[in-house]
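Residue numbers (UniProt numbering): 1 to 545.
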């Protein structure tokens, strides 16, 4: 017989193919999982590093601004008695500007918003009246002020840090101010610009009006930033990290932190592509390290497949020659070393006998009763022949429905058929897989119980009787059955005689009042029966049987 092409694949090839697919799938899954884990770790670490970096710079900037105000407060105290002494004013301005690199310029402005001293004096603004809103803010508030960015009289884009000057009577005299040029070098740009990377990473500062007041590229200072989730969060006072696409369309990993002193925000960001640039190379190193191990695993699986498949291959090869005279000996010579192959070998040896052929035939429709699904007389006889050929002891239960004619006459044959089917279902529910439940004719049934002793068979019959009596049947209510139990070879040496013994015990149960179980003996006399009282007979709508 020619087999389809796919059935010609041997077990060794299947095992190897399955192993290769499994190893490749595992390798791919592991590689992908590692890639995703590394990718997520790099992104998470970058976000966290940028957050920490932004928070540190925000803290340093806040400290620098507080220090600047402290310097101005000290100068304001010194300048209060010398507001009309130009020499003292200029000397203090020079000291204040040169003391640190905090300010690009310093100035003293009187209460009329007129500049009375400035350093460096090259600015040429002494005597000028300040009119801009940012410049006059210190006069109107008479409080320490850090202004928003503005363009000064000398044309510099700057912020001003001022401190009010009061005399001993707390009369307001003006203020001393230091300016930080946003597009020039100073302490602020030194703090923010010392860690500028060349991979696209950047750090910038925005003021409360979303204006960029610091950026490594001075050309971008003064830009208004719109539609930026990071700026939204940092100006609301939040500290954290966020992945976003910036205004240039670049995917960025940003950390941010606020500067409480000024309500500014510091943003440190790095391109996502730069963060993941080395990931592909790392994964290639991982792949090169795990490939040799997986090749060794495949080699081991291939060798194992040979040893695992050899007994099965030999059994399959001998199966094609089972019609030969030496097939039993050939199969018996095959060495099997694991359970499944041993079981298969044993099954093949048993399968050469007539028993498997006959049992297989029992599954054909010709051996089954169409109404109940039970074995018919032909199927029952086939089973009996098999048991007798094997010498298999068995118990036999013969049973019959009490007053079945009354059910048919009173309720109709359709209801009678339903009762038969329901009874068959109850019998099958309580049967073992090895048991054979048969319909021997009409309302008569036979149950073959291989390997069961007579007392146990009697108990099973009793349980069945009680279950049937307690179970309402469709359309007919409660019914009862009578049962006879015999055993082969206990009741008789001839199996057919044992069936007759079970029948006689059944009819003895009928004679004794129905709804009972009677045991048969070797001398063909019933020896024992159940003594439970029968339930009420089913309702009568016709003539009694």
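For each residue, glycine too, the CB sits at the ideal point set by N, CA and C.
Collapsing the DSSP output to three states places residue 494 in coil.
Looking from the CA of residue 49, the closest CA among 253, 502, 118, 475 belongs to 253. Here DSSP, grouped into helix, strand and coil, assigns residue 244 to strand.
In the structure shown, the three-state DSSP call for residue 450 is strand.
Residue 476 is positioned such that its CB atom lies closer than 7 Å to that of residue 411.
The stretch 156-174 makes contact with the stretch 65-82; the number of CB pairs closer than 8 Å reaches 3 or more. When C-alpha distances from residue 246 are compared across 235, 228, 201, the shortest belongs to 228. The Cβ neighbour count for residue 92, taken over all protein chains shown within 10 Å, is at least 16; the residue is labelled buried. Counting every other CB atom within 10 Å of its CB across the protein chains shown gives residue 337 a total below 16, marking it as exposed. In the DSSP assignment, residue 39 falls within the unbroken alpha helix (DSSP H) covering 11-79. The Cβ atoms of residue 513 and residue 502 do not sit closer than 7 Å to each other. Residue pairing by DSSP places residue 487 opposite 395 in a beta bridge. Here the C-alpha atom of residue 203 lies approximately 7 Å from the C-alpha atom of residue 192. Residue 69 and residue 176 have their alpha carbons spaced roughly 10 Å apart.
Here the stretch 19-36 makes no contact with the stretch 237-251; the two share fewer than three CB pairs at distances below 8 Å. In this chain, the alpha helix (DSSP H) harbouring residue 92 covers 86-99.
The beta-carbon separation of residue 116 and residue 110, rounded to 5 Å, stays under the 8 Å limit for a contact. With fewer than 16 other Cβ atoms inside 10 Å of its own Cβ, residue 13 counts as exposed. Residue 269 is bridged by DSSP to 202, 254. Contact annotation: the stretch 423-432 touches the stretch 366-380, with at least three C-beta pairs closer than 8 Å. Distances from the alpha-carbon of residue 464 to those of 450, 479, 345, 451 put 479 closest. Residue 395 is a Cβ neighbour of residue 449, given a cutoff of 7 Å.
Judged by DSSP secondary structure, residue 136 falls within the alpha helix (DSSP H) whose first and last residues are 133-141.
Judged by DSSP in its simplified three-state form, residue 149 adopts coil rather than helix or strand.
Judged by beta-carbon spacing, residue 383 lies beyond the 7 Å limit of residue 457, meaning their Cβ atoms are not closer than that value. At a Cβ-Cβ threshold of 7 Å, residue 190 and residue 54 do not count as neighbours. Here the C-alpha atom of residue 57 lies approximately 31 Å from the C-alpha atom of residue 36. Residue 284 counts as exposed, since fewer than 16 other C-beta atoms from the protein chains shown sit within 10 angstroms of its C-beta. Here the C-alpha atom of residue 120 lies approximately 18 Å from the C-alpha atom of residue 76. With contacts defined by Cβ atoms closer than 7 Å, residue 262 and residue 146 form a contacting pair. Exposed is the label assigned to residue 339, since fewer than 16 other Cβ atoms lie within 10 Å of its Cβ. The Cβ neighbour count for residue 172, taken over all protein chains shown within 10 Å, is under 16; the residue is labelled exposed.
The shortest CA-to-CA distance from residue 368 to any of 440, 431, 328, 300 is the one to 440.
When rounded, the separation of the alpha-carbon atoms in residue 85 and residue 123 is 20 Å.
Between residue 234 and residue 200, the C-beta spacing is not below 7 Å. In the assembly as shown, residue 326 is an exposed residue. Its beta-carbon has fewer than 16 other beta-carbons within 10 Å.
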